[in-house]
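This report refers to the structure that appears directly beneath it.
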Amino acid sequence: MSDFFLNSFNMLSSGLIGYIIPFLFVLTIVVFFHELGHFLVARWAGVKVLTFSVGFGPELAGFNDRHGTRWKLSAIPLGGYVKFFGDDSEASTPSSSALASMTAEERGSSFHHKSVSRRAAIVAAGPVANFILAIVIFASLFMFLGKPSTTARVDGVQAGSAAEAAGFKAGDIVTAINGGRIDSFSDMQRIVGTKAGETLAFVVKRGDSIVDLKGVPELKEIKDRFGNTHRIGVLGITRSTSPGDVTTEYVNPVTALWMGVEETWFVIDRTMAYIGGIFSGREAADQVGGPLRIAQISGQVATIGPAALIHLAAVLSVSIGLLNLFPVPLLDGGHLLFYAAEAVRGRPISERAQEVGFRIGLGLVLMLMVFATYNDILHLARS
5 MSDFFLNSFN
15 MLSSGLIGYI
25 IPFLFVLTIV
35 VFFHELGHFL
45 VARWAGVKVL
55 TFSVGFGPEL
65 AGFNDRHGTR
75 WKLSAIPLGG
85 YVKFFGDDSE
95 ASTPSSSALA
105 SMTAEERGSS
115 FHHKSVSRRA
125 AIVAAGPVAN
135 FILAIVIFAS
145 LFMFLGKPST
155 TARVDGVQAG
165 SAAEAAGFKA
175 GDIVTAINGG
185 RIDSFSDMQR
195 IVGTKAGETL
205 AFVVKRGDSI
215 VDLKGVPELK
225 EIKDRFGNTH
235 RIGVLGITRS
245 TSPGDVTTEY
255 VNPVTALWMG
265 VEETWFVIDR
275 TMAYIGGIFS
285 GREAADQVGG
295 PLRIAQISGQ
305 VATIGPAALI
315 HLAAVLSVSI
325 GLLNLFPVPL
335 LDGGHLLFYA
345 AEAVRGRPIS
355 ERAQEVGFRI
365 GLGLVLMLMV
375 FATYNDILHL
385 ARS
């Protein structure tokens, strides 16, 4: 047992050193734009912003702008916050006594004295900013680097595989899956990879004929180039790339923007499908990762190149935006839940109820962090 923890410590200490800079780069971008969304809409709504912090804990560096906002970089780079006038804490919880003693002028710039719709807009702006950031990054990559693709041709069918059972043959070209057009082999891999155990309808071009096939991808563990294990749907089709097979499609800004929206929606859809799979028993919760896993992946992706690291930032931005919309007190979604209840009831939720809600939310968030970190340590130890 001691050897296990010693090996784990050695892996963590040696591996994370090379991951810190890429990790900070990716997380700082995502957190900054999330908080910037809150900040900009708050300014628009006439709310005074006291603090804009990237990170938590002691301040490392900072400055005051002409509006009196303290912009700072803090020591613990695992998030950030915007503190508004009238907030009692970084979680934007109010203090009834402080709110009651405000002058009329102070109430005009207090977050908690704004209408429900304005408070909801300010809170929702953080996750929305994350989605916008992801769309812009994806669109920029498509526009400036293009979209590489290979024909969805079947060069080999593994014996005993789902592809063999479905009737695939070498030379087949997949043109559609479940009615959706397939333009490249990667398009097919993406759909098959997320549909393990589901029956898919394939339209295949076989010579001069069009053939309809039905196949059920098998759930298998696949290792990527860095040795990380992923559970994905697999048909058992192989593709050999010949010179000239790979093409790069360059698109105009409007098309790139739409492709960015589609890519962002794919990440949202896949994330929600995975979470649903955990509760239904179809997915394993050991794939849930935390800061250590993000740091490891950031370091690995950075070795591929800057574009890959920026792409990771977009994926992480979608994930953080989506996570913050979950209806858990302490997260943005929890605040929106309280505001929805206030809109229905015609008055705010009691301070006691909000306090209990935030404590429950804090407990849930801490439990998730501990669980994710535990998974990270096991994953790093086995790498």
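Each position in the sequence shown, counted from 1, maps to that position plus 4 in my numbering. Don't be surprised by glycine CBs; every beta carbon is placed ideally from N, CA and C.
**Q.** Whole-angstrom distance between F67 and L320, CA atom to CA atom
**A.** 28 angstroms
Q: Can you have a look at D216 and say buried or exposed, based on whether 16 or more other CB atoms are within 10 angstroms of its CB?
A: exposed
Q. So what's L64 in DSSP terms, helix, strand or just coil?
A. strand
Q | Expected contact under 8 angstroms - CB spacing of F27 and G303 to nearest Å | A | 7 angstroms
Q) Apart from the five residues just before and just after A133, which ones in its own chain have a Cβ nearer than 7 angstroms to its Cβ? A) F37, H38, L40 and G41
Q. How big is the Cα-Cα spacing for F206 and G219?
A. 8 angstroms
Q.
Taking its Cβ as the centre, do 16 or more other Cβ atoms sit within 10 Å of Y23, making it buried, or is it exposed?
A. buried
Q: Look at R243 and D187 and say whether their C-beta atoms are less than 8 angstroms apart.
A: no
Q: Return the CA-CA distance between L334 and P131, expressed in angstroms with no decimal places.
A: 14 angstroms
Q) Would you report the Cα separation of I241 and Q162, rounded to the nearest angstrom? A) 6 angstroms
Q: Name the residue from G281, L368, F375 and M263 whose alpha carbon lies nearest to the alpha carbon of I141.
A: M263
**Q.** DSSP state of Y85 mapped onto helix, strand, coil
**A.** strand
Q | Cβ shell of V34 (< 8 angstroms), same chain only, five flanking positions each side left out | A | N134, L137, A317, L320, S321 and I324
Q | C-alpha distance - T107 paired with L54, whole-angstrom precision | A | 17 angstroms
Q: Leaving aside the five residues before and after T410 along the sequence, list all residues of the same chain whose C-beta is less than 6 angstroms from its C-beta, in chain order.
A: The structure shown has nothing for residue 410, since the chain only spans 5 to 387.
Q: Give me whichever residues DSSP pairs with A205 in a beta bridge.
A: K218
Q) Excluding five sequence neighbours on each side, which residues of the same chain lie with their C-beta closer than 6 angstroms to the C-beta of V168? A) Reading off the sequence, residue 168 comes out as Glu, not Val. Around E168: V161.
(Q) Do V120 and E267 have their beta-carbon atoms positioned less than 8 angstroms apart in this structure? (A) no
**Q.** G160, DSSP secondary structure in three states
**A.** strand
Q. What's the gap between the Cα of I195 and the Cα of A129?
A. 31 angstroms
Q. Would a C-beta distance cut-off of 8 angstroms place F60 and T73 closer than the cut-off?
A. no
Q: Compare the C-alpha of K199 against each of I214, T307 and V238 and name the closest.
A: V238
Q | Continuous alpha helix (DSSP H) stretch holding S321: start and end | A | P310 to N328
(Q) Quick check on the burial criterion: 16 or more other C-beta atoms within 10 angstroms. Buried or exposed for F148? (A) exposed
Q.
Only counting the same chain, and skipping five residues up and downstream in sequence, which positions put a Cβ closer than 7 angstroms to that of T203?
A. K218 and V220
Q | V250, buried or exposed, once every other Cβ within 10 Å from all chains shown has been counted against 16 | A | exposed
**Q.** C-alpha distance - F115 paired with V58, whole-angstrom precision
**A.** 20 angstroms
Q. Is G197 near the ligand ZN, with its Cβ less than 7 angstroms from a heavy atom?
A. This structure does not include the ligand ZN; it has no bound ligands of any sort.
Q: Could you round the C-beta distance between V332 and G365 to whole angstroms and report it? I think they count as a contact, below 8 angstroms.
A: 5 angstroms
(Q) Please classify F146 as buried or exposed, where buried requires at least 16 other C-beta atoms within 10 Å of its C-beta. (A) buried
**Q.** Residue closest to E110, alpha-carbon to alpha-carbon, out of A65, I314, V51 and V374
**A.** V51
Q: Reducing DSSP to helix, strand and coil, say where R351 ends up.
A: coil
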